[in-house]
Amino acid sequence: MSATLAKCKCQHCNQKIEFDSDSAGATVTCPGCGMDTLLFIPQSSPEPSTIPASKKNMSTLWGGLFLLAIVIAVMIVWSRLTDNAQDEGPGIPAMIVSGVIWMCAAVFGICIYFLPAIVASQKKKRNRQAIFILNLCVGWTFIGWVIALVWACTVDPEPAK
Ligand SMILES: [Zn+2]
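Residue numbering for the sequence shown follows the numbering used here, starting at 8 and increasing by one per position.
Structure follows, in structure tokens:
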């Protein structure tokens with residue numbers, strides 16, 4: 008296999024550097040600024056920071072959706088409760104409706120309770136089982152839930168090898 012010519016930008020001054028594709032991954036001294044820069048092939052490894060950033064946005068989006076869902080559920084349940092207080096005897100259909108709403112609220116509540124574990128598994132964290140156990144055992148204390156969520160949101164350190 009003969010080496011092909013590749014181009015990448017210096018990480019310090021953005022000057023284009025030409026190199027053999029075999030040298031990708033090597034560190035060279037940039038001819039423009041004299042700093043050490045890593046040679047990389049742009050097509051195979053585009054902007055390393057782009058993918059984690061979009062994943063972070065996705066988890067923020069999910070968190071926002073969960074919060075929105077719980078707010079809506081609480082508002083519906085609250086309006087149901089005040090309605091029932093005004094009516095003397097709610098009929099069977101009203102009871103079924105409120106039952107369904109309570110069920111939905113319970114499901115949302117469980118989702119919120121396990122939000123740290125869900126976030127951890129979405130992010131494919133290595134210690135997601137530990138986060139789940141923490142979530143399960145001390146999630147009922149608000150502090151434990153916050154700790155599990157913060158832990159789930161932390162970035163895994165690079166494997167030390
Ligand atoms: Zn440079």
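Every residue, glycine too, gets a C-beta built ideally from N, C-alpha and C.
Which residues DSSP lists as bridging residue i, in chain order
i	result
F26	A13
T34	L45
Continuous beta strand (DSSP E) stretch holding residue i: start and end
i	result
L45	43–45
Residue interval of the alpha helix (DSSP H) (run including residue i)
i	result
V126	122–129
V153	149–160
R135	135–145
Cβ-Cβ separation, residue j to residue i (assumed contact under 8 angstroms), whole Å
i	j	result
A13	A31	7 angstroms
A159	V126	4 angstroms
P123	W85	Not quite, the Cβ-Cβ distance comes to about 26 angstroms (not below 8 angstroms), so this is no contact.
W69	Q129	7 angstroms
I4	C40	What the structure shows of the chain is the stretch from 8 to 168, and residue 4 is not part of that stretch, so it cannot be assessed.
F108	I83	According to the sequence as given, residue 108 is Ile; it is not Phe. About 6 angstroms separates the two Cβ atoms, so the contact holds.
Near ligand 2: residue i beta-carbon under 8 angstroms from a heavy atom
i	result
C118	For ligand 2, the structure offers nothing, since it holds only ligand 1.
Decide if the stretch 118–131 is in contact with the stretch 67–77; the criterion is three or more beta carbon pairs, one per stretch, under 8 angstroms apart. yes
With a cut-off of 8 angstroms, do at least 3 Cβ pairs link the stretch 145–157 to the stretch 102–112? no
Counting pairs of beta carbons, one from the stretch 13–25 and one from the stretch 33–52, are three or more of them closer than 8 angstroms? yes
For ligand 1, residues whose Cβ lies under 7 angstroms from any non-hydrogen atom: C17, H19, C20, Q22, C37, G39, C40, M42, T44
Is the number of C-beta pairs between the stretch 120–135 and the stretch 98–106 that are closer than 8 angstroms three or more? no
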